[in-house]
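This note's numbering applies: residue 220 is where the sequence shown begins, and numbers increase by one. So the structure is just underneath, and the comments pick up after that.
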Amino acid sequence: MSNPTSPTVKSPANAAQIHSTQTENVHVQSVIQSETQSKVSIANNKKVADLMARLGTTYLQVDKYSRKRTEEINEAVAESIKKVVADTQLQQQQLLADANLRTNGIEDEFRLRLQEYVAKLDNEKATVLVQLERDLDVRQEAILESARKRIDDLNSEANRLKMNW
Numbered sequence: 220m221s222n223p224t225s226p227t228v229k230s231p232a233n234a235a236q237i238h239s240t241q242t243e244n245v246h247v248q249s250v251i252q253s254e255t256q257s258k259v260s261i262a263n264n265k266k267v268a269d270l271m272a273r274l275g276t277t278y279l280q281v282d283k284y285s286r287k288r289t290e291e292i293n294e295a296v297a298e299s300i301k302k303v304v305a306d307t308q309l310q311q312q313q314l315l316a317d318a319n320l321r322t323n324g325i326e327d328e329f330r331l332r333l334q335e336y337v338a339k340l341d342n343e344k345a346t347v348l349v350q351l352e353r354d355l356d357v358r359q360e361a362i363l364e365s366a367r368k369r370i371d372d373l374n375s376e377a378n379r380l381k382m383n384w
């Protein structure tokens, strides 16, 4: 490989910095002097340019892969969400079916209990009505007996009056 030209950059020969400080009676002064020299070869410039081009290509590849992977992840998440929603809907339907089944069972139980209670009430009502009918029969018998007695008394009085006439 040929030796490419290397431009040299030098800083000013006597670049110096003076720094001083004083604390109480003490005075300190420092002088820093430096000289730097930089050489950049054209071959290094080409290597840097090649590296930058490869980095650009690598960046594009990474970006493309990243976008593709993001899309795959988004699709997988969307599919998982669909499954969760479908599962939730199925659970809701099962819950509703169970609630309806249990409600129907409760309705049947209370309907039966109500029928039994109404039958019991009907029996009690019939017993009370039978007792009422007996009481009314007794009272009616008393009324009729009283009326017969009065009629008999009236007939007896009328016969007595007719005979004594």
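Just so you know, even glycine gets a beta-carbon here, dropped at the ideal spot from N, CA and C. Since the model is a prediction, treat every value here as computed from it, not as a measurement.
Leaving aside the five residues that flank T240 on each side, the residues in its chain whose CB is nearer than 6 Å to its CB run, in chain order, V247. In this structure, I237 lies away from V245, with their beta-carbon atoms at least 8 Å apart. R358 and E352 have their C-alpha atoms roughly 10 Å apart. About 4 Å separates the beta carbon of A235 from that of Q252, a gap short enough to meet the 8 Å contact definition.
Here T277 carries a helix assignment [DSSP, helix/strand/coil]. DSSP, read as helix, strand or coil, puts T242 in strand.
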